[in-house]
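Okay, so here's the structure we're looking at.
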Ligand SMILES: [Zn+2]
C-alpha cells in the first residue's frame with residue numbers, strides 16, 4: 136500500500152530537533168487529535184507577522200521599537216545571547232529601566248558567527264550614553280568569553296561593564312534552567328543590581 140503518511144512525515148522530520156521517533160510521535164498526535172492543527176495554524180499566522188528590530192533584534196510590537204526607545208534612557212543595559220533568554224527575562228526587567236541588547240548567539244569562528252552576524256556591532260552602536268552600566272548575561276563557555284572580550288574592545292573604556300556569567304555558569308542558556316533555578320537566577324541578578 137502507498138504510504139500516504141510519508142510526505143507529511145518528511146515535512147515534520149525537517150523541523151529543528153526532530154528525530155525519526157519524535158516526528159512519528161508528533162504526527163500521531165496530529166492524527167489522533169486534529170484540533171491541535173488549529174494551533175499550528177495560529178503558529179504559522181504568528182510567524183508570518185513576526186518581526187524583529189533591525190537594531191536591537193528584540194521582537195517588534197509596533198512600528199517604533201520599545202526597546203530602542205528604552206535604550207535611550209535606560210539605567211542599565213543587559214546583553215543576552217539568545218532570544219529565549221530575552222523571553223525569560225523581559226517581563227521582569229524590561230519595565231525596570233533596563234533595556235536589552237539581544238544577540239543572535241555568541242561570536243564564534245567555529246560556527247561562522249561574527250560580530251556582524253550576531254548583531255553585536257549594530258547593537259553597541261545604538262547605545263547613545265556611554266556611561267550607562269552594561270551587564271553581560273552570558274555563560275562561562277569559551278565562545279561567551281570570546282564574545283565578552285570583543286565587547287570590551289568595542290565599548291568606550293569609560294563604560295561600566297559587569298560580567299554576570301557566573302550566575303549561569305556552565306549551563307547553556309536560561310532556557311535549560313528549571314523554574315526554581317530561573318527564579319533564583321533572577322533574584323541573584325536583582326541583588327547585584329541593588330548592590
Ligand atoms: Zn530596537
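In my numbering, the protein residues as written are 136 to 330. Just so it is clear, CB atoms sit at the ideal spot from N, CA and C, and this is done for glycine as well.
Could you please give the first and the last residue of the uninterrupted beta strand (DSSP E) stretch that includes residue i?
| i | result |
| --- | --- |
| residue 145 | Segment 141–148 is the alpha helix (DSSP H) holding residue 145; no beta strand (DSSP E) there. |
| residue 237 | 233–237 |
Provide the residue(s) that pair with residue i in DSSP beta bridges, ordered along the chain.
| i | result |
| --- | --- |
| residue 187 | 194 |
| residue 243 | 248 |
| residue 270 | 213 and 297 |
Does the Cβ of residue i have 16 or more other Cβ atoms within 10 Å, making it buried, or fewer, making it exposed?
| i | result |
| --- | --- |
| residue 251 | exposed |
| residue 215 | buried |
| residue 202 | buried |
| residue 274 | buried |
| residue 192 | buried |
| residue 248 | buried |
| residue 106 | The first residue shown for the chain is 136 and the last is 330, placing residue 106 beyond what the model contains. |
| residue 178 | exposed |
| residue 156 | exposed |
| residue 175 | exposed |
| residue 220 | buried |
| residue 254 | buried |
| residue 314 | exposed |
| residue 270 | buried |
| residue 185 | exposed |
In the DSSP assignment, the alpha helix (DSSP H) including residue i goes from what residue to what residue?
| i | result |
| --- | --- |
| residue 156 | 155–167 |
| residue 207 | 201–208 |
| residue 304 | Unbroken run through residue 304: none, as it is neither H nor E. |
| residue 288 | 277–289 |
| residue 321 | 314–329 |
| residue 218 | 218–228 |
| residue 256 | 255–260 |
Would the C-beta of residue i count as close to ligand 1, meaning under 8 angstroms from any of its heavy atoms?
| i | result |
| --- | --- |
| residue 274 | no |
| residue 329 | no |
Any heavy atom of ligand 2 closer than 8 angstroms to the CB of residue i?
| i | result |
| --- | --- |
| residue 201 | No copy of ligand 2 occurs in the structure displayed; its ligands are ligand 1 alone. |
Practice prompt. When you get a sec, list the residues whose CB is within less than 6 angstroms of any heavy atom of ligand 1, chain order please.
Written response: 188, 190, 191, 193, 200, 202 and 203
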